[in-house]
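Taking it in order: structure first as structure tokens, then the write-up.
There are 2 protein chains.
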Amino acid sequence: MTTGENTPETEPTGEDAYELDRKRVAQILFALDRDDREALVELMEPLHPADIADLLEQINAFDRGRLIRLYDKEFDGDILSELDESIREEVISALTPQVLADAVRDLDSDDVVDLLEDLEEPQQEAILDALEDSDRVAIEQSLSYPENSAGRLMQREVVTAPEHWTVGQAIDHMREAEELPEQFYHVVIVDPRMHPVGQVTLGRLMSSRRTKPLIEIIEETFQVIPAAQDEEDVAYAFNQYHLISAPVVDEDGRLVGAITIDDAMAVLDEEHEEDILRLAGVGEGSLSDRVSETTKQRFPWLAVNLVTAIFASLVIAQFEATIAQFVALAVLMPIVASMGGNAGTQSLTVAVRALATRDLTGSNVWRVIRREVLVGLINGAIFAVVMGIIGVVWFGTPMLGVVIAAAMVINLVVAGLAGTVIPVILDRIGVDPALASGAFVTTVTDVVGFFAFLGLAGAVLL
Amino acid sequence: MTTGENTPETEPTGEDAYELDRKRVAQILFALDRDDREALVELMEPLHPADIADLLEQINAFDRGRLIRLYDKEFDGDILSELDESIREEVISALTPQVLADAVRDLDSDDVVDLLEDLEEPQQEAILDALEDSDRVAIEQSLSYPENSAGRLMQREVVTAPEHWTVGQAIDHMREAEELPEQFYHVVIVDPRMHPVGQVTLGRLMSSRRTKPLIEIIEETFQVIPAAQDEEDVAYAFNQYHLISAPVVDEDGRLVGAITIDDAMAVLDEEHEEDILRLAGVGEGSLSDRVSETTKQRFPWLAVNLVTAIFASLVIAQFEATIAQFVALAVLMPIVASMGGNAGTQSLTVAVRALATRDLTGSNVWRVIRREVLVGLINGAIFAVVMGIIGVVWFGTPMLGVVIAAAMVINLVVAGLAGTVIPVILDRIGVDPALASGAFVTTVTDVVGFFAFLGLAGAVLL
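From first to last, the protein sequence lines stand for chains A and B. Heads up: the first sequence is residues 1 to 462, going by UniProt numbering. Heads up: the second sequence is residues 1 to 462, going by UniProt numbering.
Given below as structure tokens:
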């Protein structure tokens, strides 16, 4: 499955680089309509498994079933690994047991683990049964590590060399080895108890004299990953320290595998995706989810929002008498709440990101809070003047301008404060700030916004 | 600067993995207070340049200046590359010309390019002057590629081999080479006109017989990156096709360099960061920005929000008479707008992400729109019932319950529609949907929410 230099499915430059070619998708669907297996296989041939997975996600369930049946024996295991979880089960159910077995047998052990993690018991069994005994044992061992841990992410095959070896010995050893891993970029140097002490890149090995001791050409940056470490931390370490590959060790510090950067990059991508969706109150959303699943995913956050909105309404209800006397208040009050909500979202997003990248720590949290409050104060003051003028011009009541201006300053300062303090507190007590900060901050800015505006209006205008 | 297996600054497991140790930061600040260079150098010794950069970002400007002066000659060029843009200029200004020159000379050419891009003219000159002539020419050539392009991201040194070579020839060639790149993982196979035709991993080279033709062991997945391609697309290709390294070509398809996955991962990380911040209406924010910069960055989006909020207020103003007769409307109306805003944000975030990952295309856009509208309809119906009951119980007016329920359904359907259609249209006309969708969608849901609720109320209740 070679994706050549100028594969027709992608236009490497311009707006839609790497987007699936719409024409090809149409041709594939046309081949399905005609039940034309030969045309289908030919159209799919140049596509990378990752692109085929995207294709399966983009067409509807009916076409998906037809495509899988017609494509049949050509179905590659890598397509399964690339598929979005939301339709993986559906696709696996559609494959014949023989095609599934063949597909899975071609996969690397870490990809099989990734596949199994999210499947129901019977489908797990079907896949494990398709494997040879030795592979199955390796995979069951990987599954013994906690979910989302380095142990699940690693590959077990590592090329090692003892501390006292030279470049020549390492090269000869590799040249003579019966089997080397499919993908490897480093030789891990280990002490006699199998503790990693450094690693040497293959490139460095190539450019060094045979007599050079390995220990003299180990990489400057060397990080050992504990097998129990969360994959999010693994991705952070790869990105922070520019690692290409890192040895994984058990609790006793003994080498048990290695993680390469491509897996770390995939984790980084997923974690970001999760953060973005969580910040927007979308749980685990995926584009290929059905209406019923999507409805269920979106519901909880909307329900939380309804509660906070009602809470804000209860605040407004306290001032019904004031509003009845002065309807302009009803017209203007959403502006104060909306500005506070936006300013709060700005602060909380910066705080959530900074917590994720370890940039917001005990050392600078007070300085950051002070900054956010000051920013709220300055922007609040500017918008206070603007709104004050609008209030006066629009409704001809100078005091109304003063009230909305004061409420604006108060709410933007509170937004900066809440937008920073709430994520930090959630992080400290072990709750993902991306998930929960939004609801809290919006509640605060809504309540404070309405209360400050209507309260001041009641005191000053009546 | 070896970061060992158990460096004291990080706790590799647990909540705060890889976070800068607060105690060490305190000790470093204490060393600064005492002007104790020896203690400072010793405390900094185990820190990776990326961690030192984080440290500089986390302390205040005064301490930063003191640290740079005291650390002096020890200052490593890699620290500059790792520093956030927001304080890079400040740090460069604080370095003595000699320290700056030494620091920059140690860097790889692609890191120098990255450093230069964001600097003002005089600082660029200072750095270019510090370089040797050959390096300067190479860097000025890189800078001739457009900003954020593959050409700026690539390294120029590539190990190549002609198509007809065998494994043995390639190994001998490398063993005899005077100088090989610092970091390389592949040998790129080129035709006589220097067009890349495939690549071989060093690992595969190691595990193949000397007589094997290179062309028989080239990697299955092979992508050539045009030098003019946007770095965002480069990062996507690496993530989608699991590339470790890819050759870069000029307009004639000739090899001009190579990009490795660590640089692609850094771009992916930046692009995600940018998307998250843009979705929240925070331009280029960074935690180490000063109050004045942060205020300026946050201002534009708040100003846009003010305009949309005033727009919504103008809608409310149309119904002043209705509200005056029935103040309960003022109490309940923010609920409808708030629910619409949240549902719209959910839809738009999913759409913005799907556009970024090429999952939302011409092939499935109508199905996605239909799904979002249906989800809005179902969730709208559920919340309509809930709010209808609350409306009746709270205010004792059955028709008020009906009005709020109907407005809720309308606004959630519109939210699903606008939340998908607006990002898609912005993307089609070449505007970053992450940047602008929020303001448009919120305006739509505010206006529709208030208009539907107050309009229906005016028609039904009075």
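Think of the CB as a built atom: it goes at the ideal place given N, C-alpha and C, for glycine as much as any other residue.
Quiz item: In whole angstroms, what separates the C-alpha of Asp106 of chain A from that of Ile217 of chain B?
Solution: Ile217 of chain B has its alpha-carbon roughly 18 Å from the corresponding atom of Asp106 of chain A.
Exercise. Answer yes or no: do Val444 of chain B and Ala415 of chain B have a C-beta to C-beta separation smaller than 9 Å?
Key: yes
Practice problem: Classify Val200 of chain B as buried or exposed, calling it buried when 16 or more other Cβ atoms lie within 10 Å of its own Cβ. | Solution: buried
Self-check item: Rounded separation between Gly388 of chain A and Trp301 of chain B - CA only
Solution: 19 Å
Exercise. Measure the beta-carbon distance from Ile276 of chain B to Ile276 of chain A and round it to whole angstroms, keeping in mind my assumption that it falls under 8 Å.
Key: 6 Å
Quiz prompt | Residues that DSSP places opposite Val249 of chain A in a beta bridge | solution = A:Pro226 and A:Leu255
Quiz item: On the three-state DSSP scale, how would you describe Thr160 of chain B?
Solution: strand
Exercise. Flag Thr96 of chain A as yes when its Cβ comes closer than 8 Å to any non-hydrogen atom of the ligand FAD, and as no otherwise.
Key: No copy of the ligand FAD appears in this structure; indeed no ligand is present at all.
Exercise. Answer yes or no: does any C-beta atom of chain A fall closer than 9 Å to that of Thr349 of chain B?
Key: yes
Quiz item: Going by beta carbon distance, what residues of the same chain come within less than 8 Å of Ala190 of chain A, once the five residues before and after it are set aside?
Solution: Per the sequence presented here, residue 190 of chain A reads as Val, with Ala not at that position. Contacts found: Thr160, Ala161, Pro162, Glu163, Pro196, Val197 and Leu255.
Quiz item: Among B:His173, B:Val104, B:Tyr236 and B:Asp269, which residue has its Cα nearest to the Cα of Gln240 of chain A?
Solution: It is B:Asp269.
Practice problem: Report yes or no: is there a C-beta of chain A within less than 9 Å of the C-beta of Ser437 of chain B? | Solution: no
Self-check item: Selected residue, minimal CA-CA separation from Ala418 of chain A, among A:Glu220, A:Thr221, A:Arg37 and A:Arg371
Solution: A:Arg371
Practice problem: Report yes or no: do the region 163 to 180 of chain A and the region 124 to 137 of chain A share at least 3 C-beta pairs separated by less than 8 Å? | Solution: no
Self-check item: Contact list for Phe184 of chain A against chain B, beta-carbon separation under 7 Å
Solution: Gly203
Quiz item: What three-state label does DSSP hand Ile139 of chain B in the structure shown?
Solution: helix
Practice problem: Could you pull the start and end residues of the alpha helix (DSSP H) that Ile189 of chain A belongs to? | Solution: Ile189 of chain A -> not in any alpha helix (DSSP H); beta strand (DSSP E) instead, spanning His186 to Val190.
Exercise. Report all residues from its chain with a CB closer than 8 Å to the CB of Leu462 of chain A; omit the five preceding and five following residues, and keep chain order.
Key: Thr322, Gln325 and Phe326
Quiz item: For the beta strand (DSSP E) that contains Val200 of chain A, what are its first and last residues?
Solution: Pro196 to Thr201
Quiz item: If you measure from the beta carbon of Arg290 of chain A to each beta carbon in chain B, is any gap under 9 Å?
Solution: So, interface residue.
Quiz item: How long is the line joining the alpha carbons of Ala264 of chain B and Leu70 of chain B, rounded to whole angstroms?
Solution: 35 Å
Quiz item: Quick one: what does DSSP say Pro146 of chain A is sitting in, helix, strand or coil?
Solution: Three-state DSSP puts Pro146 of chain A in coil, outside helix and strand.
Quiz item: In chain order, which alpha helix (DSSP H) runs of at least 4 residues are fully inside the region 357 to 392 of chain A?
Solution: Segments of the alpha helix (DSSP H) lying fully in the region 357 to 392 of chain A: there are none.
Quiz item: Can you find a C-beta in chain B that's less than 9 Å from the C-beta of Asn411 of chain A?
Solution: no
Practice problem: Please report the Cβ distance between Ala150 of chain B and Ala227 of chain B, rounded to the nearest whole angstrom; I am assuming they are in contact, meaning their Cβ atoms lie under 8 Å. | Solution: 5 Å
Exercise. Would you identify the three-state DSSP class for Pro49 of chain B, choosing helix, strand or coil?
Key: helix
Practice problem: Report the option in B:Leu43, B:Arg34 and B:Asp250 whose CA atom is closest to the CA atom of Val23 of chain B. | Solution: Residue identity check: residue 23 of chain B is Lys in the sequence provided, not Val. Checked all of B:Leu43, B:Arg34 and B:Asp250; the closest Cα to Lys23 of chain B is B:Leu43.
Quiz item: Is there at least one Cβ from chain B nearer than 9 Å to Ser142 of chain A's Cβ?
Solution: no
Quiz item: Within 9 Å (strictly less), CB to CB, does Ser338 of chain B reach chain A?
Solution: yes
Practice problem: Return the CA-CA distance between Val431 of chain B and His272 of chain B, expressed in angstroms with no decimal places. | Solution: Val431 of chain B and His272 of chain B have their C-alpha atoms spaced approximately 17 Å apart.
Quiz item: Residues bridged to Pro213 of chain A by DSSP?
Solution: A:Thr166
Quiz item: Since Leu279 of chain B and Val352 of chain B are thought to touch, with beta carbons under 8 Å apart, how far apart are those beta carbons, to the nearest angstrom?
Solution: 7 Å
Quiz item: Between which two residues does the alpha helix (DSSP H) containing Arg278 of chain B stretch?
Solution: Ile261 to Leu279
Quiz prompt | Rounded separation between Arg136 of chain B and Ala309 of chain A - CA only | solution = 60 Å
Quiz item: Around the Cβ of Asp118 of chain A, are there at least 16 other Cβ atoms within 10 angstroms (buried) or fewer (exposed)?
Solution: exposed
Self-check item: Extent of the continuous alpha helix (DSSP H) run through Asp289 of chain B
Solution: Asp289 of chain B -> no alpha helix (DSSP H), and no H or E assigned at all.
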